[in-house]
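Visitor: Below is a structure I'd like to ask you about.
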Amino acid sequence: MITLPDYLQLLPKTELHCHLTSTMRATTLQELAGRYGVELWTDDAERLFDFADLVDFLRGWRVAHEVLRTPDDIARVAWEGVEDAVRDGNLRYREYYVNPQYFAHHAVPLSYTDVIDAVIAGLARAERDFGVGFRVVVAINRRESPESAVALVREMIAHPRPEVVGIGQDDLTPENTEDPLRFAEAYALAGEHGLMRTAHVGETPSASPENVRAAIEVLGCDRIDHGYRVVDDPAVLALAQERGIGFATTPWSTTICSGWTLDEGHRIRAMVDAGLPISVSTDDALFFRTDLGREYREGLPALGLDAEAAKRIALAGIDMAFCSDAEKARLRAEFRAAFLALGALLEA
Ligand code: ADE
Ligand code: ZN
Numbered sequence: 018m019i020t021l022p023d024y025l026q027l028l029p030k031t032e033l034h035c036h037l038t039s040t041m042r043a044t045t046l047q048e049l050a051g052r053y054g055v056e057l058w059t060d061d062a063e064r065l066f067d068f069a070d071l072v073d074f075l076r077g078w079r080v081a082h083e084v085l086r087t088p089d090d091i092a093r094v095a096w097e098g099v100e101d102a103v104r105d106g107n108l109r110y111r112e113y114y115v116n117p118q119y120f121a122h123h124a125v126p127l128s129y130t131d132v133i134d135a136v137i138a139g140l141a142r143a144e145r146d147f148g149v150g151f152r153v154v155v156a157i158n159r160r161e162s163p164e165s166a167v168a169l170v171r172e173m174i175a176h177p178r179p180e181v182v183g184i185g186q187d188d189l190t191p192e193n194t195e196d197p198l199r200f201a202e203a204y205a206l207a208g209e210h211g212l213m214r215t216a217h218v219g220e221t222p223s224a225s226p227e228n229v230r231a232a233i234e235v236l237g238c239d240r241i242d243h244g245y246r247v248v249d250d251p252a253v254l255a256l257a258q259e260r261g262i263g264f265a266t267t268p269w270s271t272t273i274c275s276g277w278t279l280d281e282g283h284r285i286r287a288m289v290d291a292g293l294p295i296s297v298s299t300d301d302a303l304f305f306r307t308d309l310g311r312e313y314r315e316g317l318p319a320l321g322l323d324a325e326a327a328k329r330i331a332l333a334g335i336d337m338a339f340c341s342d343a344e345k346a347r348l349r350a351e352f353r354a355a356f357l358a359l360g361a362l363l364e365a
């Protein structure tokens, strides 16, 4: 016999929306900051992860990249993040946003391949140790210019890796906006070269449903990160429904980044009710003191969602993933077997 929170905790999960740097352990952040003499955003260890809003959080998030100085640091963080998520939420498959542009600004810069190959090395070791599959999505840094985004996609094309399957984006523009059309050329180039596309849109308090429309219609996104504003405009909602676009939502991060309360009036709940495929992720577990288990265990009941909805969400994460059909079939079989076993315990 298990309770609903236990069931949600134990459910096998995918995670499609997390930023590699945010899968770092707090202890590793502090250890590496000490080793390299990086001043974190506050001296008050108690308040290290207290952020007022998205812009405040992003200041800390940028600094956190500075503690990852070598390929070994990056590979270590990648491996540790999988170990933690398996323990904290029964993670079975994950996709990571990795922003190589931050590492290019280090005193000893890391190249695109230095960063990407280190990430792959850490995650491949974790896959051998924990059986958690993965893919990497290269994130365009929205603080950088549209030209540098095109150059980043050219790097991806010049240095293909089977694990690196698409482009996304992170941070905000220098004006603290989403501005998806700024990177239209980079997305077009990615599309021409068969890369999958996703974008952070419809997240910030000033974002509009038009950003979601632009990501779908102009950037050609296969799925959307956040995208909550989709439910604010019936025409954009209809577009997403018609195209079968999936949304990689992050319940707890919306409480900080969007200032919303997790309850039945939340936009994620409206997205579920509208029949949109949604998956659930942490976004930035380190910074928001969350984990994948908590997103399901506390987040879903707060949104008024039950065990049936949780199973649909877990399976939608497989449908929306950027991995092969064979890998998806394996994951579905594994998840369905676990649902049966856990369902029997829940009803016992
Ligand atoms: N980088 C990490 N998390 C982010 C978020 N939620 N929005 C924009 N950039 C991010
Ligand atoms: Zn994100």
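For the sequence shown, the positions run 18 to 365 when the working numbering is used. Where is the CB? At the ideal position from N, CA and C, for every residue including glycine.
Run through DSSP, which three-state label would I91 get?
Guide: Translated into positions along the sequence shown, residue 91 becomes position 74. I91 falls in the helix class under three-state DSSP.
Visitor: Closest to Y114 by C-alpha separation, out of V125, L362, L46, H217, would be which residue?
Guide: Numbered from its first residue, the sequence shown carries residue 114 at position 97. Each of V125, L362, L46, H217 was checked against the Cα of Y114, and the nearest Cα belongs to H217.
Visitor: At the level of alpha carbons, what is the spacing between D61 and P117?
Guide: As a working mapping, residue 61 is identified with position 44 in the sequence shown. As a working mapping, residue 117 is identified with position 100 in the sequence shown. Those two C-alpha atoms are separated by around 29 angstroms.
Visitor: With H, G and I counted as helix, E and B as strand and the rest as coil, what does DSSP make of A338?
Guide: Counting from 1 along the sequence shown, the entry for residue 338 is found at position 321. Here A338 sits in coil by DSSP.
Visitor: Can you tell which of A43, Q26, H34, Y313 has the C-alpha that lies nearest to the C-alpha of P306?
Guide: To locate residue 306, count along the sequence shown from 1; it is residue 289. Note on residue identity: the sequence assigns Arg, not Pro, to residue 306. Restricting attention to A43, Q26, H34, Y313, the CA atom closest to the CA of R306 is found in A43.
Visitor: Could you spell out the range, first to last residue, of the alpha helix (DSSP H) harbouring M213?
Guide: By one-based count along the sequence shown, residue 213 stands at place 196. Per DSSP, M213 belongs to no alpha helix (DSSP H); it is in the beta strand (DSSP E), 213–218.
Visitor: If you compare alpha carbons, which of T215, V94, G263 is closest to V235?
Guide: Here residue 235 is taken as the residue at index 218 of the sequence shown, counted from 1. The option with the nearest alpha carbon to V235 is T215.
Visitor: Is H34 near the ligand ZN, in the sense that its beta carbon is under 8 angstroms from a heavy atom of that ligand?
Guide: Within the sequence shown, numbered from 1, the residue matching residue 34 stands at position 17. Yes - the ligand ZN has a heavy atom lying nearer than 8 angstroms to the Cβ of H34.
Visitor: Quick check: is any heavy atom of the ligand ADE less than 8 angstroms from the C-beta of E220?
Guide: Mapped onto the sequence shown, residue 220 falls at position 203. Yes - the ligand ADE has a heavy atom lying nearer than 8 angstroms to the Cβ of E220.
Visitor: Tell me which residues share the same chain as E83 and place their Cβ nearer than 6 angstroms to its Cβ, disregarding the 5 neighbours each side in the sequence.
Guide: The residue given as residue 83 occupies position 66 in the sequence shown. If you ignore the 5 residues before and after E83, its C-beta comes within less than 6 angstroms of the C-beta of V55, all in its own chain and listed in chain order.
Visitor: Among G150, M18, G244, which one has its Cα closest to the Cα of F264?
Guide: Position 247 of the sequence shown, counting from 1, holds the residue named residue 264. Selected option, being the one with the closest Cα: G244.
Visitor: Are the CB atoms of L348 and R86 within a distance shorter than 9 angstroms?
Guide: Against the sequence shown, residue 86 aligns to sequence position 69. Against the sequence shown, residue 348 aligns to sequence position 331. Taking 9 angstroms as the Cβ cut-off, R86 and L348 do not qualify as a contacting pair.
Visitor: Quick one: does the C-beta of S128 sit closer than 8 angstroms to a heavy atom of the ligand ZN?
Guide: Taking the sequence shown and counting its residues from 1, one reaches residue 128 at position 111. No - the ligand ZN has no heavy atom lying nearer than 8 angstroms to the Cβ of S128.
Visitor: In angstroms, rounded to a whole number, what distance separates the CA positions of V253 and A354?
Guide: For this step, residue 253 is matched to residue 236 along the sequence shown. For this step, residue 354 is matched to residue 337 along the sequence shown. Cα to Cα, the separation comes out at about 36 angstroms.
Visitor: Taking one C-beta from the segment 221–237 and one from the segment 189–201 each time, how about it: are there three or more such pairs within less than 8 angstroms?
Guide: In the pairwise beta carbon analysis, the segment 221–237 is classified as touching the segment 189–201: at least three pairs are separated by under 8 angstroms.
Visitor: Please state the DSSP three-state secondary structure of S165.
Guide: Locating residue 165 in the sequence shown gives position 148, where the first residue counts as 1. Residue state, collapsed to three classes: helix.
Visitor: Find out if the Cβ-Cβ distance for the pair R160, T190 is shorter than 9 angstroms.
Guide: The sequence position of residue 160 within the sequence shown is 143, counting from 1. The sequence position of residue 190 within the sequence shown is 173, counting from 1. Yes, these two residues count as a Cβ contact at 9 angstroms.
Visitor: Verify whether the separation of the beta carbon atoms of Y129 and M173 is less than 9 angstroms.
Guide: On the sequence shown, position 112 is the one that residue 129 refers to. On the sequence shown, position 156 is the one that residue 173 refers to. For Y129 and M173, yes; Cβs fall inside 9 angstroms.
Visitor: In the segment 89–136, which residue ranges form an unbroken alpha helix (DSSP H) of at least 4 residues, counting only runs that do not cross its ends?
Guide: 117–120
Visitor: Specify the secondary structure class of T278 as computed by DSSP and reduced to three states.
Guide: Residue numbering aside, residue 278 sits at position 261 when the sequence shown is read from its first letter. T278: coil per DSSP, three-state reduction.
Visitor: Is it buried or exposed, L362, if we count other Cβ atoms within 10 angstroms and call 16 or more buried?
Guide: Within the sequence shown, numbered from 1, the residue matching residue 362 stands at position 345. When all chains shown are included, L362 counts as exposed.
Visitor: Rounded to the nearest angstrom, what separates D249 and M288 at their Cα positions?
Guide: Translated into positions along the sequence shown, residue 249 becomes position 232. Translated into positions along the sequence shown, residue 288 becomes position 271. So the two alpha carbons sit approximately 10 angstroms from each other.
Visitor: Shortest alpha-carbon distance to I157 belongs to which of A143, A121, A141, I137?
Guide: Taking the sequence shown and counting its residues from 1, the one referred to as residue 157 is at position 140. Shortest Cα-Cα distance from I157 to any of A143, A121, A141, I137 involves A121.
Visitor: I need the DSSP call for L198, collapsed to helix, strand or coil.
Guide: Position 181 of the sequence shown, counted from the start, is the residue given in the question as residue 198. In the three-state reduction of the DSSP assignment, L198 falls in the helix class, which pools H, G and I.
Visitor: Where does S270 fall in DSSP's three states?
Guide: Start at 1 with the first residue of the sequence shown, and residue 270 comes out as number 253. S270: helix per DSSP, three-state reduction.
Visitor: Per the DSSP calculation, G310 is bridged to which residue(s)?
Guide: Along the sequence shown, read from residue 1 onward, the residue named residue 310 stands at position 293. DSSP, once it has assigned bridges, lists no residue as partnering G310.
Visitor: When you compare only the Cα positions, how much space is there between V181 and A365?
Guide: As a position in the sequence shown, residue 181 is number 164, starting the count at 1. As a position in the sequence shown, residue 365 is number 348, starting the count at 1. Each residue's alpha carbon lies about 43 angstroms from the other.
Visitor: Let's test the definition: count the other Cβ atoms within 10 Å of the Cβ of G18 and tell me whether it reaches 16, buried, or not, exposed.
Guide: Sequence index remark: in the sequence shown, residue 18 carries index 1 (1-based). Rather than Gly, the amino acid found at residue 18 in this sequence is Met. Exposed.
Visitor: Between L27, L25, T31, W58, which has its C-alpha nearest F339's C-alpha?
Guide: Translated into the one-based positions of the sequence shown, residue 339 becomes position 322. Out of L27, L25, T31, W58, T31 has the C-alpha closest to the C-alpha of F339.
Visitor: If you drop the 5 nearest sequence neighbours on each side, which residues of the same chain put their C-beta closer than 6 angstroms to that of F17?
Guide: In the structure displayed, the chain extends from 18 to 365; residue 17 sits before or after that span and is not available.
Visitor: Does the distance between the C-beta of S39 and the nearest non-hydrogen atom of the ligand ADE fall short of 8 angstroms?
Guide: Residue 39 sits at position 22 when you count from the first residue of the sequence shown. Checking every heavy atom of the ligand ADE against the Cβ of S39, one is found closer than 8 angstroms.
Visitor: Between which two residues does the alpha helix (DSSP H) containing T44 stretch?
Guide: Your numbering for residue 44 matches position 27 in the sequence shown. Per DSSP, T44 belongs to the alpha helix (DSSP H) from 43–53.
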